[in-house]
Every structure is written in structure tokens, then in C-alpha cells.
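Undergrad: Can you read through this structure? Questions will come right after.
In full-length UniProt numbering, the protein residues as written are 1 to 318.
This is the structure in C-alpha cells:
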């Protein structure tokens, strides 16, 4: 039987959604002694800080739908990386692993000073490489967990030869944000319309000369850095001295180092079904549940690993 209700117009179906429906607040983090400003979205008031790093071409709002569930038990911070979203730096195409890693340290230092709370680093794709690099440096004492989303060194390195073609084949210009949202869903790059409606507008910029919207991140100009994102990723991941979980969108083949590491129980791995590359966008509830379970299983509290029996004495009532 035909649906008698009038179908929503395409522009309504793909209308942008506001970040404030998912995050509690946003802020610009001005890095001292520089002109770099990093935009962050935040949610939640208690628990450890889940610090989220998006993939290349995405933005901090990639974690919006997951944040609305995560914030019940944790604090969420999702930053727009250099050259992405609303962040503004002196060199938006310097996406070297050293620079991206330095940006994360700078934002954490500016936000929390010398006494940061327990931090669970979450990184998707390129952001996963950055998260692993930050963790492997072992210079973040309050780091309590590492979550890597759909990136494995072997397959990432193998895909690099196709990257320029993938970038040039994607649609480049959009008359409206709605058209970009529609393209992202119909092309299969995102499978969750609501997540696309929140995150995609922030991945665009308006081109005055062409009178249309185009991609904010100039990824095609960053090819010199692609290899270093993923080189040595497996060993760095395994060497990070914190609880670790690897979330994969398919049965991505683990390389030898990861296979041995998994057999030795050095990290947890979950293959998430029915999702594309952006797990946190496509199945945000499942993604959030996996993260909360990881935090709970490893007893990560606001001040780090909580050891049973060493509970703080309750405050005496006045």
C-alpha cells in the first residue's frame, strides 16, 4: 500500500543538523605563542576524558552522535585537526605526523595545564595514526586508554597508491550543504544520514570565486605526509603502555605484528558489522557502547585506573 503522506523533499531529508543537539558546548583553543587556534566540541561533566581525533577530510563532529551517548558516563572532547573544520593554523597543509602530534599535545596542555584528567585517546583513520603516535611517545602521564578505529598499517600503506585517484574522483563542488550531505550518503562514504547532516557541513568551505561549496581540507596537497602516518603503526600501537582496543569495519587482515600481539592478548579487537569506514558515524550507538564497555572493563575513572580496595573514603556529612 502506498504511503499517503507526502514524501519529504530532498532538501529537508538532507538538511544540516546543529552540533548543539549532541555536544554541550564548543570552544576555540588558542595555542600560546602561536597564531594557531583549534576548535573543540565538548560534552559531559564527569568520568575520564574521551579525546577524539577524526580522519583525514572529516571533522570533530564526526563523533557527534556517539558523544550524545558517551556523555552519560564520560567527558568528550572532539577537536578539529589542523586544516579541518573550524580550526585555523598558519600552515593548514602541514599534516606531518610530528605536527599533528604536537597539535594534540598543545591542545591538551592549553586545556588542562600540568594536571590533566585521565584521558582515553580515540582516533579514526588518520586520527588513529596520530593517537598511536601520541601514545607511543609516552609523554602523556594521564593517558589511560587507546582506541584505534579502522586503520591497520598493512592495508593503509597498500591503499596509498590509490589515494590521489580516490580524492580526484570524488565530487568537488556543491551548490548547497544539502547537496554535499546527499552525495556523502549516496556515494556510500557515510551510511548514517543523521550523522552526515551534522558532520558534513563542517567539512566544507564556500568558494567565492566559484560561488559554491568545496572540501575544506586540501588533502591532495598533503601527499608527502601520507606514508609517515602509517609507517610503523603496528609496532607503535603495541608498544603503547595502556589498555588498547582496535575497532575494524571489516575483516581487515592484521599484519604479522598485530596477529602475534592479539594472540598474546596485548590488545582487544572488535570487528563491527554493517558499517563503512567511519564506524563512529555509521553505528554511533554501537560505537559508544564499545567505548563505554572498554572504559568500564579497564576500570578507567576520572583520575586513571581505579584499583578495587583503594577507594577514596566518603566525605563525612556536615
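The beta carbon of each residue, even a glycine, is placed where N, CA and C say it ideally should be.
Owing to the predicted nature of the structure, the values given are computational and were not obtained by experimental measurement.
I need the DSSP call for residue 212, collapsed to helix, strand or coil.
TA: Numbered from its first residue, the chain shown carries residue 212 at position 212. Three-state DSSP puts residue 212 in a strand.
Undergrad: Short of 6 angstroms in beta carbon distance, which residues of its chain neighbour residue 156, apart from the five on each side in sequence? Order them along the chain.
TA: Position 156 of the chain shown, counted from the start, is the residue given in the question as residue 156. The residues are 230.
Undergrad: Any heavy atom of the ligand HEM closer than 7 angstroms to the beta-carbon of residue 60?
TA: Inclusion of the ligand HEM in the displayed structure is not the case, the ligand content being empty and no account of it being possible.
Undergrad: Between residue 195 and residue 302, is the Cβ-Cβ spacing less than 8 angstroms?
TA: Numbered from its first residue, the chain shown carries residue 195 at position 195. Numbered from its first residue, the chain shown carries residue 302 at position 302. No.
Undergrad: From this set, 53, 49, 110, 38, which residue's C-alpha is nearest residue 91's C-alpha?
TA: Position 91 of the chain shown, counting from 1, holds the residue named residue 91. Among 53, 49, 110, 38, the Cα nearest to that of residue 91 is on 38.
Undergrad: Please confirm whether residue 24 and residue 40 have their CB atoms less than 8 angstroms apart.
TA: Stepping through the chain shown from its first residue, residue 24 is reached at position 24. Stepping through the chain shown from its first residue, residue 40 is reached at position 40. Taking 8 angstroms as the Cβ cut-off, residue 24 and residue 40 do not qualify as a contacting pair.
Undergrad: Below 6 angstroms CB to CB, which residues in the same chain sit around residue 200 once its five sequence neighbours on both sides are set aside?
TA: Here residue 200 refers to the residue found at position 200 of the chain shown. So the list reads 180, 181, 184, once near-sequence residues are dropped.
Undergrad: Between residue 106 and the rest of its own chain, which residues show a CB-CB distance below 6 angstroms, the 5 nearest in sequence each way excluded?
TA: As a position in the chain shown, residue 106 is number 106, starting the count at 1. So the list reads 31, once near-sequence residues are dropped.
Undergrad: I'd like to know whether the C-beta atoms of residue 217 and residue 83 end up nearer to each other than 8 angstroms.
TA: Reading the chain shown from its first residue, position 217 is the one you call residue 217. Reading the chain shown from its first residue, position 83 is the one you call residue 83. Against a cut-off of 8 angstroms, the Cβ pair of residue 83 and residue 217 comes out as a contact.
Undergrad: Alpha carbon to alpha carbon, what distance is there between residue 210 and residue 257?
TA: On the chain shown, position 257 is the one that residue 257 refers to. On the chain shown, position 210 is the one that residue 210 refers to. Taking the straight line from one Cα to the other gives about 48 angstroms.
Undergrad: Have a look at 213, 299, 264 and flag the residue whose alpha-carbon is nearest the alpha-carbon of residue 176.
TA: Locating residue 176 in the chain shown gives position 176, where the first residue counts as 1. Per the Cα distances, 213.
Undergrad: Does the Cβ of residue 17 have 16 or more other Cβ atoms within 10 Å, making it buried, or fewer, making it exposed?
TA: Your numbering for residue 17 matches position 17 in the chain shown. It is buried - the Cβ of residue 17 has at least 16 other Cβ atoms within 10 Å.
Undergrad: List the endpoints of the continuous beta strand (DSSP E) containing residue 51.
TA: Taking the chain shown and counting its residues from 1, one reaches residue 51 at position 51. That run of the beta strand (DSSP E) goes 49-53.
Undergrad: Need the endpoints of the beta strand (DSSP E) that residue 63 sits in, please.
TA: Residue mapping note: residue 63 aligns to position 63 of the chain shown, counting from 1. Note, residue 63: premise wrong, no beta strand (DSSP E); not H, not E.
Undergrad: Would a C-beta distance cut-off of 8 angstroms place residue 137 and residue 241 closer than the cut-off?
TA: Working through the chain shown from its first residue, we reach residue 137 at position 137. Working through the chain shown from its first residue, we reach residue 241 at position 241. No; because the gap between Cβ atoms is not below 8 angstroms, this pair is not in contact.
Undergrad: Pick out whichever of 245, 234, 243, 197 has its Cα sitting closest to the Cα of residue 10.
TA: Locating residue 10 in the chain shown gives position 10, where the first residue counts as 1. Closest by alpha carbon: 197.
Undergrad: Assign residue 98 to buried or exposed, taking buried as 16 or more other Cβ atoms, counted over all protein chains shown, within 10 Å of its Cβ.
TA: On the chain shown, residue 98 is found 98 positions in, with the first residue counted as 1. Burial call: exposed.
Undergrad: Using the C-alpha atoms, what's the distance from residue 244 back to residue 269?
TA: Counting from one through the chain shown, the residue named residue 269 turns up at place 269. Counting from one through the chain shown, the residue named residue 244 turns up at place 244. Going by the C-alpha atoms only, they are around 9 angstroms apart.
Undergrad: So, residue 104 versus residue 147, is the Cβ gap smaller than 8 angstroms?
TA: Taking the chain shown and counting its residues from 1, one reaches residue 104 at position 104. Taking the chain shown and counting its residues from 1, one reaches residue 147 at position 147. No, the pair does not count as a contact, with Cβ atoms beyond the cut-off.
Undergrad: Is it buried or exposed, residue 48, if we count other Cβ atoms within 10 angstroms and call 16 or more buried?
TA: The sequence position of residue 48 within the chain shown is 48, counting from 1. Flag for residue 48 reads buried.
Undergrad: Does the separation of the CB atoms of residue 164 and residue 220 fall below 8 angstroms?
TA: Translated into the one-based positions of the chain shown, residue 164 becomes position 164. Translated into the one-based positions of the chain shown, residue 220 becomes position 220. A contact, by the Cβ cut-off of 8 angstroms.
Undergrad: So which of 42, 114, 122 has the shortest CA-CA distance to residue 145?
TA: Residue mapping note: residue 145 aligns to position 145 of the chain shown, counting from 1. Of the candidates 42, 114, 122, the one whose C-alpha sits nearest the C-alpha of residue 145 is 122.
Undergrad: Pick from 286, 35, 277, 79: whose alpha carbon is nearest that of residue 53?
TA: Locating residue 53 in the chain shown gives position 53, where the first residue counts as 1. Among 286, 35, 277, 79, the Cα nearest to that of residue 53 belongs to 79.
Undergrad: Just confirm the distance between the C-beta atoms of residue 233 and residue 129, as a whole number of angstroms; I'd bet it's less than 8 angstroms.
TA: Locating residue 233 in the chain shown gives position 233, where the first residue counts as 1. Locating residue 129 in the chain shown gives position 129, where the first residue counts as 1. Yes, residue 233 and residue 129 are in contact; Cβ-Cβ is about 6 angstroms, under 8 angstroms.
Undergrad: Which class does residue 302 belong to by DSSP, given the choice of helix, strand or coil?
TA: Locating residue 302 in the chain shown gives position 302, counting from the first residue. Residue state, collapsed to three classes: coil.
Undergrad: Just the Cα atoms here: how many angstroms apart are residue 225 and residue 159?
TA: Looking up residue 225 in the chain shown gives position 225. Looking up residue 159 in the chain shown gives position 159. If you take the alpha carbons of residue 225 and residue 159, they lie about 14 angstroms apart.
Undergrad: Whose CA, out of 299, 286, 249, lies closest to the CA of residue 278?
TA: On the chain shown, position 278 is the one that residue 278 refers to. The candidate whose alpha carbon is nearest that of residue 278 is 249.
Undergrad: Spatial neighbours of residue 126 within its chain, please: CB distance less than 6 angstroms, with the 5 preceding and 5 following residues excluded, ordered by chain position.
TA: Numbered from 1 along the chain shown, position 126 holds the residue referred to as residue 126. For residue 126, where only same-chain residues beyond five positions count, the Cβ hits under 6 angstroms are 55, 56, 229.
Undergrad: Give the range of the alpha helix (DSSP H) segment to which residue 260 is assigned.
TA: Residue mapping note: residue 260 aligns to position 260 of the chain shown, counting from 1. That run of the alpha helix (DSSP H) goes 256-263.
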